[in-house]
Structures are given as C-alpha cells and as structure tokens.
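Per my numbering, the very first residue in the sequence shown carries number 1307; after that it's consecutive.
A virtual CB, placed ideally from N, CA and C, is assigned to each residue, including glycine.
Notes to accompany the following structure.
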Amino acid sequence: MGALTLGLIAAFAWGLHDILVRKVSQNTPLMASLLAVLVAGSVFQAVIMAATGTFTPVSASAAGYAALSGVFFLVASLGLYGAFQRGPVRLVSPIIASYPILSVAWAALNGTAVSLLEWLAVLAIIAGVSIVAALSDDSDGEVPPKGRTIFYAVIAAVGFAGTFAIGQLAAGMSHDLPIVMITRLAAIVLLLGVIAAKSLPYWPGKTALPVLAVMGAMDGIALICVLSAGGLPDAQYAAVASSVFGLLTIVMAWAFLKERMTALQWGGCLLAFAAIGYLAT
C-alpha cells in the first residue's frame, strides 16, 4: 500500500472523527474529551498489536523520536481545538491545511527530489481544501481578535508537520506500530500534566464515552496510516493526502447530515483530488 493511499485512509478516518466532534463538543469538557480520544485510540492500537504480535523492542533513538512526535501531536491537537473554538473556519482551516507545505519542504531538505509540478500539486490540494472549508463557513457574528486565532492555527499546522516528519523518521528506524504507540503515550502523559496544572476535569461524562471511543479508533487508524508510511517511497505524500480530512468532513456532512454544498465547493473537491491523482501517477 502506497503512501498516498495510507494518507487518504487517514483523511477519511479523521474526517469521520471530525463529524463526531460536532456531536460531543458542545456539552463535553474539551481536555477531557481529547484525553478520552487519545486513551481510546491507544487501547484500540494495543488490541491490534496483541492480535498481530507486534509488541517488538524499539531502539532508544527511535523511541526518543517517537516521543518527540507525540509532543508535536499534542501541540497540534491543542492548537487545532483552540483555533476552531475561536474561529472562523474560513480563517482557520486554510492555515491548518497548509501543513503539507512544511512536510514536503522537510522531505526536500532531507534530499528527496520534489519537482515543480509536484509542488504545484501540493499547493492545488491546499487550495481545494481551503475553498471547500472557507465556503462552508456562513457565520456572520463577531469573532475574537484574529491575531491569537491565527497563532493557534499556525501552531496546529507546525505541530502536524512535526508529528508526521519526526514520526515517519522513527517508523523508518523500527516497526511502525510500537512507534505509534509511544507517540500516543507521550501525548497522553503530557496532556495529563496540562490537565493537572490547570485543574481541569479528567472525566468527559458517561454519555459521551461511546462517541469518544469511536473517535479514538478513527484517530488511531489515521495516525497509524500516516506514520507507518515512514518506510515507503515518497512518505511525505501520506501527510499531503491526509490534509484533505477537512474537505472530507464537509462532504460527509453533505452526505449524512444533509448540509449544503455549493458548485464552487465541488470544484474545490475536484481540484484537490485531481492533484492527488497526479501525485499518485
């Protein structure tokens, strides 16, 4: 399975994850929800590892990179939630969706050949996602000052790019599933520290747990897909393809929640997936 395919699977999983966020975000403590999702994803992955016998030793250097990837993953998650809490989507989503530029730039700096047409395809994917996301935002109320919102969105973009670059580096040094587990556990430990420091609730509530468990499984599938591409050719394109998760969230909302999609949004979808098709050739 190629890196682009893994990235698209991750995008579908994160897209479904974000659809479910709409069901729980209004009535559930944010940090407690994120903690439950991370723990559920770890349990989901532990079951997979037990079934496949992949509890294999990891070198100290690979474990260190995996833990650092977990720090970036938590920073990205907190930045994403913080940015979307403040909004608006038309401002936040294009900034967060730009993380593939950093992923491809990192690959290029490490000696991977990236042609001009491939750079243009990456930019086309980001443009397509941005069109769909920006046009989905029909809010006209007052929003908080843009400076901090942009800051959170940039932090999320840098966090995702760092997660994938460092996590793929670690996965290329060892078996991918133990690497992803270390990444998740590092994020959980750090999040527990944040919750304790801010005296926030740990428990999201009994009624939200089933949805959070499904979200954890989706998050687990997505992270495994992107990081396990580390040993494949053009591993950076798993991160590129995964960036369409925001676009797929809106398409799923159209399909399942009967939300409206405009002709320009469908055009953005076509642009993004045409560019992905080009990268796949």
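Residue i - containing alpha helix (DSSP H), residue span
i       : result
Gly1393 : It is not in any alpha helix (DSSP H) - Gly1393 carries neither H nor E in the DSSP assignment.
Ser1549 : Careful: Ser1549 lies outside any alpha helix (DSSP H) and carries neither H nor E.
Ala1466 : According to the sequence displayed, residue 1466 carries Phe and not Ala. It spans 1452 to 1477 - the alpha helix (DSSP H) in which Phe1466 sits, taken as one unbroken run.
Asp1482 : 1482 to 1503
Met1355 : 1336 to 1358
Val1428 : 1422 to 1442
Identity of the residue in the options nearest residue i by Cα
i       : options                            : result
Leu1496 : Gly1522, Leu1384, Ala1569, Leu1322 : Leu1384
Ser1404 : Gly1393, Leu1415, Ser1421, Trp1425 : Trp1425
Ala1523 : Leu1336, Ala1427, Ser1348, Ala1317 : Ser1348
Ala1433 : Phe1378, Leu1386, Gly1573, Asn1333 : Gly1573
Ala1439 : Thr1568, Val1464, Asn1416          : Thr1568
Gly1388 : Phe1470, Ala1414, Ala1463, Phe1562 : Ala1463
Ser1549 : Leu1518, Val1343, Ala1357, Ala1316 : Ala1316
Gly1308 : Val1546, Pro1516, Pro1400, Ala1519 : Val1546
Gly1393 : Lys1329, Phe1378, Ala1346, Ala1459 : Ala1459
Lys1329 : Leu1397, Ala1586, Leu1515, Ala1580 : Leu1515
Phe1596 : Ile1582, Leu1386, Ser1442, Phe1470 : Absent from the model: residue 1596. The displayed extent of the chain is 1307 to 1587, so no value can be given.
Val1381 : Ala1493, Val1517, Gly1499          : Ala1493
Leu1314 : Ile1530, Ala1476, Val1520          : Ile1530
Arg1454 : Val1398, Leu1322, Ala1586, Arg1490 : Val1398
Arg1396 : Val1435, Val1327, Ala1519, Thr1358 : Val1435
Thr1362 : Gly1465, Ala1477, Lys1504, Ala1528 : Ala1477
Proximal residues to residue i (C-beta, below 6 Å), its chain only, five neighbours per side dropped
i       : result
Leu1483 : Met1355, Thr1360
Ala1467 : Tyr1405, Leu1408, Ser1409
Ala1430 : Leu1577, Ala1581
Ile1461 : Gly1385
8 Å Cβ shell around residue i - same chain, five flanking residues per side excluded
i       : result
Ser1365 : Met1479, Ser1480
Thr1588 : The structure shown has nothing for residue 1588, since the chain only spans 1307 to 1587.
Ile1437 : Leu1570, Gln1571, Gly1573, Gly1574, Leu1577
Val1352 : Note on residue identity: the sequence assigns Ala, not Val, to residue 1352. Excluding positions up to five away in sequence, the list reads Met1487.
Helix, strand or coil at residue i according to DSSP, with G and I counted as helix
i       : result
Met1521 : helix
Phe1579 : helix
Trp1572 : helix
Leu1408 : helix
Ser1365 : coil
Met1558 : helix
Gly1526 : helix
Lys1329 : helix
Lys1512 : helix
Thr1311 : helix
Pro1539 : coil
Ala1316 : helix
Ala1544 : helix
Ala1382 : helix
Leu1322 : helix
Leu1585 : helix
Ala1419 : coil
Pro1400 : helix
Leu1506 : coil
Leu1533 : helix
Leu1563 : coil
Nonlocal neighbours in the same chain, by C-beta distance under 7 Å from residue i, ignoring five residues either side
i       : result
Gln1474 : Leu1533, Ala1535, Gly1536, Ala1541
Tyr1508 : Ala1338, Leu1341, Ile1501
Phe1318 : Leu1554
Phe1350 : Gly1522, Ala1523, Gly1526
Val1593 : The displayed coordinates of the chain run from 1307 to 1587. Any statement about residue 1593 would go beyond what the structure contains.
Cβ contact check for the region 1531 to 1544 and the region 1402 to 1413: 3 or more pairs under 8 Å: With a cut-off of 8 Å, the region 1402 to 1413 and the region 1531 to 1544 count as touching, because enough Cβ pairs lie within range.
With a cut-off of 8 Å, do at least 3 Cβ pairs link the region 1553 to 1562 to the region 1366 to 1374? Flag = no, the region 1553 to 1562 and the region 1366 to 1374 do not touch.
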